[in-house]
Each structure stands twice: as structure tokens, then as C-alpha cells.
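Using this note's numbering, you'd call the opening residue of the sequence shown number 172 and step up by one each time. Even for Gly, the Cβ is constructed at its ideal location relative to N, Cα and C. Keep in mind the model is a prediction, meaning the values are calculated, not measured. Take a look at the structure set out below.
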Amino acid sequence: EMEGLKLGRQPFGIQRRTARFQISCDSVGFAVSDLRSKTQDTLRMHWTEVTKARVFKRDLLAVDCICLLLSRADDSGIELDEEMEGWISFCESLPQRLPGCKPFGEWLWDVATPAFETNLRTIYDRNVDTLAASTSRRS
């Protein structure tokens, strides 16, 4: 029933279809817009609301889809994925928006491989000093 789960499913040999959703962001927060909606439905979230960012993969049968869940303190949040327009630039901008967030290049391969595994990773947690610092800290 959830339309989002149908994204990314496509027969072999067919070009990737145009994105249905678009991610945009600025210094205040980010938004996800449904490009096919006549009313331009948009979900918004402020950077100050984000307490955790986790990346993982969904198995969509023929393909995997890399996803990013940005969560609030109450565990509500917004899930983004690589099928959305603006995905790469959004992921690349996260360390500037969320200080301590792991850079895109550091987590992408860990989530992408092996294929058809969830590979859940936390790339930002406001309640931990910073994940980047905690991995390089001397004991």
C-alpha cells in the first residue's frame, strides 16, 4: 500500500525513471517534495530537530535502494533514498549541517556492500560527542 516502497522497482534494461521526490535544503533545514503531486506536498524538518541519522538498504527484489533516516528525539523522522532528486548533494552536505556526521564517502561503501543486506549504520548521533571523534579518540 505504501507508494514509497514501489520506488526503484523496475524491469531490467529500462532506464531509471525520473525521480518522484526531490530533496532540497538550506541553513535552516530540509524538505522533500512530491514532484507528481498537484498540491506540491512537502515534508519539512529543521536541522535543530535532527538527533540521529541512520543509513541502511532496502531490498527491492531486483535492486537495492540506499536509504537515510533522519530522526527526532521522539523517534519520528523523515526517510530519504537514493532515488530522490538531489540525494548526492544532500548527503555530501550533511557534515556541514550536522557537525560530527560521518562524510558520505566514509559510509556509502559500507552500506552498499554486500548486496541485499540491510547494513544499518548510525552516521550521526547528537547524544554521542561525535561519531567521527569517538572512532579516532585515543583510549
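Reference residue 232; option with closest CA among 294, 288 and 299: 288
At least 3 beta-carbon pairs within less than 8 Å: the region 208 to 216 vs the region 266 to 282: In short, these stretches do not touch, since the Cβ pair count stays below three.
Stretch-stretch touch, CB-based, cutoff 8 Å, three pairs: the region 242 to 255 with the region 265 to 272: no
Distance cut-off 7 Å: residue 250 Cβ against heavy atoms of the ligand GTP: Of the ligands one can find in the structure shown there are none, so the ligand GTP has no counterpart to examine.
Nearest to residue 214 (by Cα), restricted to the options 220, 204 and 295: 204
Environment of residue 286 [buried if 16+ CB atoms lie within 10 Å]: exposed
Beta-carbon spacing of residue 241, residue 216 below 8 Å: Residue 216 is positioned such that its CB atom lies closer than 8 Å to that of residue 241.
Residues of its chain near residue 219, where Cβ-Cβ distance is below 6 Å and the 5 sequence neighbours each way are ignored: none
Candidates 228, 265, 200 and 281: closest to residue 254 by CA position: When each option's Cα is compared against that of residue 254, the closest is 228.
Whole-angstrom distance between residue 284 and residue 189, CA atom to CA atom: 25 Å
Between the CA atoms of residue 226 and residue 290 - distance to the nearest angstrom: 8 Å
Sequence-distant residues of its chain with Cβ nearer than 7 Å to residue 184 (five each side left out): With a pLDDT of only 42 at residue 184, under the threshold of 50, the placement of this residue in the model should not be trusted; the figure read from the coordinates follows. There are no such residues.
Contact check, residue 292 vs residue 299, beta carbons under 8 Å: No, the pair does not count as a contact, with Cβ atoms beyond the cut-off.
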